[in-house]
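Residue numbering for the sequence shown follows the working numbering, starting at 3 and increasing by one per position. Glycine is no exception: its CB is placed at the ideal position from the N, C-alpha and C atoms. Quantities reported herein were computed from a predicted structural model and do not represent experimental measurements.
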Amino acid sequence: MKINQRLFDHYGIDTNKDLGIGKICPRPFDTVLIDKQGSCYACECTAWLPQSIGNLQIEPLSDIIGSAMHRHLQASVSDGTYRYCNSGQCAYLSTGELESHHGATHHIRHLRLAIDDSCNLRCPSCRKGLIFHKDGSAYQLGIRLADRINEWLYDHDGPIQVHIGSDGDPFASHVYRHFMDHTPERDNIKYSILTNALMFKEFHTRVPYVIRNLNELGVSIDGASRETYEKLRLGGNWLKVTENLESIAEAKRKHGFKFMLYFVVQKDNHHEMDDMLALGEQYGADRVNFSLIEDWGVLPDFESKLPPLEDPAFKEMLERCTRSELGRTWSRVWDLS
Ligand code: SF4
Ligand code: SF4
3 MKINQRLFDH YGIDTNKDLG IGKICPRPFD TVLIDKQGSC YACECTAWLP
53 QSIGNLQIEP LSDIIGSAMH RHLQASVSDG TYRYCNSGQC AYLSTGELES
103 HHGATHHIRH LRLAIDDSCN LRCPSCRKGL IFHKDGSAYQ LGIRLADRIN
153 EWLYDHDGPI QVHIGSDGDP FASHVYRHFM DHTPERDNIK YSILTNALMF
203 KEFHTRVPYV IRNLNELGVS IDGASRETYE KLRLGGNWLK VTENLESIAE
253 AKRKHGFKFM LYFVVQKDNH HEMDDMLALG EQYGADRVNF SLIEDWGVLP
303 DFESKLPPLE DPAFKEMLER CTRSELGRTW SRVWDLS
C-alpha cells in the first residue's frame, strides 16, 4: 500500500499536516466515487482527496471497500490530522461546516458515478469541444464499469443513493443509459441525477424505475434568458430547455422528487440571478443553488470570467438571493452586514 505523493503535490496538499479536528468526516466511511478509468475514491470529489482506494477494472467493489488503503484514509480523518485532505478546496473544511460521523457503521450510503463524460453540450467552462462516446474503447470500458457497479448493487442490502452525472449528461450518455436500463429494482436503492435537462422529456419515461426512485433531480442551466443560456451552454436551445423544465415540473408533481436548479455565476450571467430565482419559482424548484465559477484549467483567461464581485449592484443582488427562501449562494446570511 503506497500513497501516490505526486498526486498530492499536484493539488498542493501537505500530507504531513495535522489539522487537529475533533469531528470525523463521514465521507471516507459512507461514500465511494468511481471515475471513468474505474478508479475509486473515498470522498465526493477527486480533487479533495485524490488518493484512489482501488480500481474496478482490476478488483470488485466488494474488495475495494474496506481495503487497506480505504482503511488508511479513514484513519487519517479519525485521528483528526486530515493529512490527505485538500483543506483549501474541500467545501466542508474550507467553510468549517464539517458533519460528524457517528457510530462505527462502515456502510456505503452514497455511490457517485463519474464513469462517462459524454454530453450533448460543449460548455466553454467545462470542455474545449464535444465529448461523446457511443463506441470505441472509452464506451466499452464505461459499459464494463456500469455492469460491475450493477452487480455490486444487486448484492447490496443497506440503504444507498446512487448519484449519476457529475461528469457528463446522464440522459445523453449511452453508458449511463445502459446503467439505468440494467440497474436492479430494489427498495433500498435511490437515485440522484444531475442533468442539463435537454433530454429529460424524451428519455425519462424510458427509465421509469429510476424516476420512481429518484430522490433528487439537479438541473444546471447557467442562464435565465435565451441570449445568455445559448451563449454559455454551447449547443443548447432555450425553447427546448424551457419545454424540458415544464416536463420536470410535471414529473416532480407526480413522483415527488426534490428539484434543484444550479447556476454557476460568472461575468456573462451575473445580472440574471434574480431572474433565475423567478424561473425556479415558475417551474416549482425546491432550491436554486448559485455557485461562483471555479478554475478547472479549461478557460485560458479565467480571471476575466469572474463576475464583478465588488460592484455594489452585484453585491445587492447576491444579498437578495442569499436572503431569499429559494436561493442558496456561496455567501451566508449570517455573514451579511
Ligand atoms: S474532509 Fe473533505 S476532503 Fe476530507 S474526506 Fe471529508 S469531504 Fe473529503
Ligand atoms: S452540460 Fe454540464 S457536463 Fe455538459 S458540457 Fe455543459 S457543463 Fe459540461
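Check whether the Cβ of residue 150 sits closer than 7 Å to any heavy atom of ligand 2, and report yes or no.
-> Flag unset: Cβ of residue 150 not near ligand 2.
What is the rounded straight-line gap between the Cα of residue 70 and the Cα of residue 268?
-> One C-alpha to the other measures close to 42 Å.
Test item: CB-CB of residue 162 and residue 191 under 8 Å | Yes.
Residue 112 - containing beta strand (DSSP E), residue span = Per DSSP, residue 112 belongs to the beta strand (DSSP E) from 112 to 116.
Using a C-beta cutoff of 8 Å, does residue 164 count as contacting chain C?
-> Here there is only one protein chain, and chain C is not present.
So the alpha helix (DSSP H) residue 66 belongs to, where does it begin and stop?
-> Residues 63 to 66.
Residue burial classification, residue 274 (beta-carbon count within 10 angstroms, cutoff 16) | Buried is the call here.
Beta carbon of residue 198: closer than 7 Å to some heavy atom of ligand 2?
-> Yes, the beta carbon of residue 198 sits closer than 7 Å to at least one heavy atom of ligand 2.
Work out the CA separation of residue 213 and residue 147 for me, nearest whole Å.
-> Approximately 22 Å between the Cα atoms of the pair.
Look up residue 217 in the DSSP assignment and say whether it is helix, strand or coil.
-> Residue 217 carries a strand assignment under DSSP once its states are collapsed to helix, strand and coil.
DSSP on residue 106, reduced to helix/strand/coil?
-> Note that residue 106 scores a pLDDT of 47, beneath 50, so its modelled location is shaky; the value from the coordinates is reported in the next line. Coil at residue 106, not helix or strand.
Residue 8, buried or exposed, once every other Cβ within 10 Å from all chains shown has been counted against 16 | Around the beta carbon of residue 8, fewer than 16 other beta carbons sit within 10 angstroms, so the residue counts as exposed.
Rounded to whole angstroms, what's the CA-CA distance from residue 26 to residue 49? Just pull it up for me.
-> Across the structure, residue 26 and residue 49 are spaced so that their CA atoms are roughly 19 Å apart.
Any non-hydrogen atom of ligand 1 closer than 7 Å to residue 210 Cβ = The nearest non-hydrogen atom of ligand 1 is 7 Å or more from the C-beta of residue 210.
So, do the region 169 to 180 and the region 111 to 123 have three or more beta carbon pairs nearer to each other than 8 Å?
-> A contact exists between the region 169 to 180 and the region 111 to 123.
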